[in-house]
Amino acid sequence: MLTLLYFAWVRERIGLPREKVETGAATVADLIAELIARDEAYALAFADLTSLRVAVDQKLTSFDAPLAGAREVAFFPPMTGG
Amino acid sequence: MLTLLYFAWVRERIGLPREKVETGAATVADLIAELIARDEAYALAFADLTSLRVAVDQKLTSFDAPLAGAREVAFFPPMTGG
Amino acid sequence: MLRVQAEPFDAGAEVNAFTAGATGAGAVVSFTGIVRGDGGLRALEIEHYPGMTESAIAAIIAEARARWELTDVLVIHRYGLLELGAPIMMVATAARHRVAAFQAAEFLMDYLKSRAPFWKKEVGGDWVKAKAEDEDALDRW
Amino acid sequence: MLRVQAEPFDAGAEVNAFTAGATGAGAVVSFTGIVRGDGGLRALEIEHYPGMTESAIAAIIAEARARWELTDVLVIHRYGLLELGAPIMMVATAARHRVAAFQAAEFLMDYLKSRAPFWKKEVGGDWVKAKAEDEDALDRW
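Residue numbers (the numbering used here), protein chains in the order written: chain A, 11 to 92; chain B, 11 to 92; chain C, 1056 to 1196; chain D, 1056 to 1196.
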C-alpha cells in the first residue's frame, strides 16, 4: 500500500488530499500513468509535469525515481514558501 | 580662523580634541607641514599619512584638497563604525 | 531552532530572545516576511506538508551551518490563514562577523522560498505562482 | 530615520515599530551589531564626530534609497561606553521584495563600517584597527 498526498491546486484538481493505492508501478512516472488512466481528474492534474514536483517519502525527487520500498508519494506545484 | 579637530589616536597623540589656528595654508598638505614644523607631537601624529583620513567642513577628502573658504578640518584614523 | 506554527509570532520579541541566547555573536541578522496587500489581496492561506516541512527546513538549516560559522540560527514559518500585514515567517542568524550572518540569512531565505513545502493562496483568488527568479536564486550558492 | 545616541536601544522593539510603520512592505531585514567579548575585552568606547556623523549617515541612507526601491530605512548608532553584549548599532530596511531589503541592509552596513566617523577603542586596550576587507567590501557596490 502506497499513500498518495496532493497539495495546493493538485489537491483541488484531484478533489482529495490523500488516498491509499495498491500499485505495482516501478517508478513515479509509471504511477502517474496508472492514475491518468483511472480518471479524468487525474489526467487534468498531471497534464503538465513541468509544473509539478514530487516527493517520495518526504524527499524531493524526479519523476523517474523508483518506488521500490516507498511508503508515501506526494505531488504538488513548485513551492512558494518564505 | 580655521578650527582643527582630532579624533581617536590622532587626538591622543596631539593631546587635544580641537584648536583654532590662523593659517595661510593653501591645501590640507600645506597645513600638515605647518603643524609638523610646530611641535614634535604633530610630527608624530602626522608621520604616516596612509593611516590618516581628513575631512574638510565635515566631508571626507584628500590631502591635496584646497582650504580656501574652509572653516573646519578634521584628522582621524580610518573609521571603524558598524 | 525551528518552529512551524499557525499562530502569529512577535518578530521583535523573537529577535531579542534569539540575540540574548547567541552568546559570543557580534552580528545578528533577521528577515521577516509580511503579507502585502497587493492588488486587493485581503488575506493569504498557506498550505504545507506536515512532516516534510520540518525535515526540509532542518536540512536547509544544517546546510547553512555547514557553510558558515554560525553561533545560532532560527526559522519560524506559519501556515493557515494569514491576515494582511501579518508576519508570514522569519529567519534570524547570529555569527561573529556580519558577512556570515548576512549570507546565511539570504541562503536560508532563498532555499525556504523554493525548497520548503509551503504553498501560498490568495484568499478569494488563486495560488501564488513560483517565480523563475526564485529558482534561479539558488544558483549562486 | 536616523538616530545617533549614547543610550542603549531595544533592537526587538525597534524592529517591531519599524515594521509597523513600513506599510506595504513584504520584507523587513534587520542587522544588529553587538559588543563581542573577544580576547578578554570588557567594554568598548566609541568616539564619533558630532555633526559629520549625522550628515555622513544621512548621505549613506540617501544613496541606498536611490539604488533600491525601499519602503523605509532605519539606522541607529551608539557612541560612548558600551558594555559587553550590548547593542552597538542597528540597521533595518523594508521593501516589497527580499532582495532589495537584503542588498540595501548590506550596503548600509558596508558603508557605515568605513565611511561613518566612528572609532572604536577597547577599554583598557587599543583603538580597533580598520580592516582592509571592510574597505574592499565597498568595491562591490
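Beta carbons are placed, not taken as given, at the ideal position from N, Cα and C, and that holds for glycine. As the structure is a prediction and not an experimental result, all values here were calculated from the model.
Asked                                                                                                                                                                                   : Found
Would you list the one or two residues that DSSP bridges to Phe-1173 (chain D)?                                                                                                         : D:His-1103
Compare the beta carbon distance of Ala-1171 (chain D) and Ala-1113 (chain D) with 7 Å and say whether it is the shorter of the two.                                                    : no
To be precise: take each residue of the region 1138 to 1155 of chain D, compare its Cβ to all Cβ atoms of chain B, and keep it if any distance is under 8 Å. Which residues remain?     : Ile-1143, Met-1144
Can you name, in chain order, every residue of its own chain whose Cβ lies under 7 Å from the Cβ of Met-1107 (chain C), other than the five neighbours on each side?                    : Pro-1172
Between which two residues does the alpha helix (DSSP H) containing Phe-1073 (chain C) stretch?                                                                                         : 1066 to 1076
On a CA-only basis, which of D:Gly-1140, D:Gly-1067, D:Val-1130, D:Glu-1138 is nearest Gly-91 (chain B)? Give me that one, please.                                                      : D:Val-1130
Span of the beta strand (DSSP E) holding Val-1195 (chain D)?                                                                                                                            : Per the sequence shown, residue 1195 (chain D) should be read as Arg rather than Val. Looking at the DSSP string, Arg-1195 (chain D) is not in any beta strand (DSSP E), and its letter there is neither H nor E.
Within the chosen definition, does the region 1058 to 1073 of chain C reach the region 1122 to 1140 of chain C through at least 3 CB pairs nearer than 8 Å?                             : yes
Which one of A:Glu-32, A:Asp-49, A:Gly-79 has the shortest CA to CA distance from Arg-23 (chain A)?                                                                                     : A:Asp-49
With a Cβ-Cβ cutoff of 7 Å, do Ala-1192 (chain D) and Asp-1165 (chain D) count as a contact?                                                                                            : yes
With a threshold of 7 Å between beta carbons, is Gly-1088 (chain D) in contact with chain B?                                                                                            : yes
In the DSSP assignment, find the beta strand (DSSP E) that holds Glu-1138 (chain D) and state where it starts and stops.                                                                : 1135 to 1138
Determine, using beta-carbon pairs with one atom in the region 26 to 40 of chain A and one in the region 58 to 78 of chain A, whether at least three such pairs fall under 8 Å.         : yes
Taking the beta strand (DSSP E) that Arg-63 (chain A) falls in, what are its first and last residues?                                                                                   : 63 to 66
Can a CB atom of chain C be found closer than 7 Å to the CB of Thr-60 (chain A)?                                                                                                        : no
Drop a sphere of 10 angstroms on the beta-carbon of Thr-1148 (chain D), count the other beta-carbons inside from all chains shown, and report buried for 16 or more, exposed for fewer. : buried
Candidates B:Phe-56, B:Leu-15, B:Trp-19: which alpha carbon is nearest Gly-1180 (chain D)'s?                                                                                            : B:Trp-19
Looking at chain D, is there any beta carbon in it that lies within less than 7 Å of the beta carbon of Pro-88 (chain B)?                                                               : yes
According to DSSP, which residues form a beta bridge with Trp-1182 (chain D)?                                                                                                           : D:Lys-1176
Looking at the C-beta of Gly-1106 (chain C), does it have a partner C-beta in chain A at a distance below 7 Å?                                                                          : yes
Please compile the residues from chain C whose C-beta is within a distance smaller than 8 Å of the C-beta of Met-1164 (chain D).                                                        : Arg-1153, Phe-1157
Using a beta-carbon distance below 7 Å, is Phe-17 (chain B) in contact with chain F?                                                                                                    : Absent here is chain F; the protein component of the structure consists of chains A, B, C and D.
Ends of the beta strand (DSSP E) at Val-38 (chain A)?                                                                                                                                   : Segment 38 to 48 is the alpha helix (DSSP H) holding Val-38 (chain A); no beta strand (DSSP E) there.
What residue does the alpha helix (DSSP H) around Ala-1190 (chain D) start on, and which one ends it?                                                                                   : Sequence check: residue 1190 (chain D) is Glu here, not Ala. That run of the alpha helix (DSSP H) goes 1187 to 1191.
Taking the alpha carbon of Arg-1097 (chain D) as the point to measure from, which residue in D:Asp-1189, D:Glu-1188, D:Glu-1190, D:Glu-1177 has its own alpha carbon closest?           : D:Glu-1177
Run down chain B in chain order and give the residues with a C-beta less than 8 Å from the C-beta of Glu-1062 (chain D).                                                                : Chain B residues near Glu-1062 (chain D): none, gap ~17 Å exceeds 8 Å.
At the 7 Å Cβ level, is Val-1183 (chain C) part of the contact set with chain A, yes or no?                                                                                             : yes
State yes or no: is the beta carbon of Glu-1161 (chain D) nearer than 7 Å to at least one beta carbon in chain C?                                                                       : yes
For Met-11 (chain A), count neighbouring C-beta atoms within 10 Å of its own C-beta (all shown protein chains included) and say buried if the count is 16 or more, exposed if not.      : exposed
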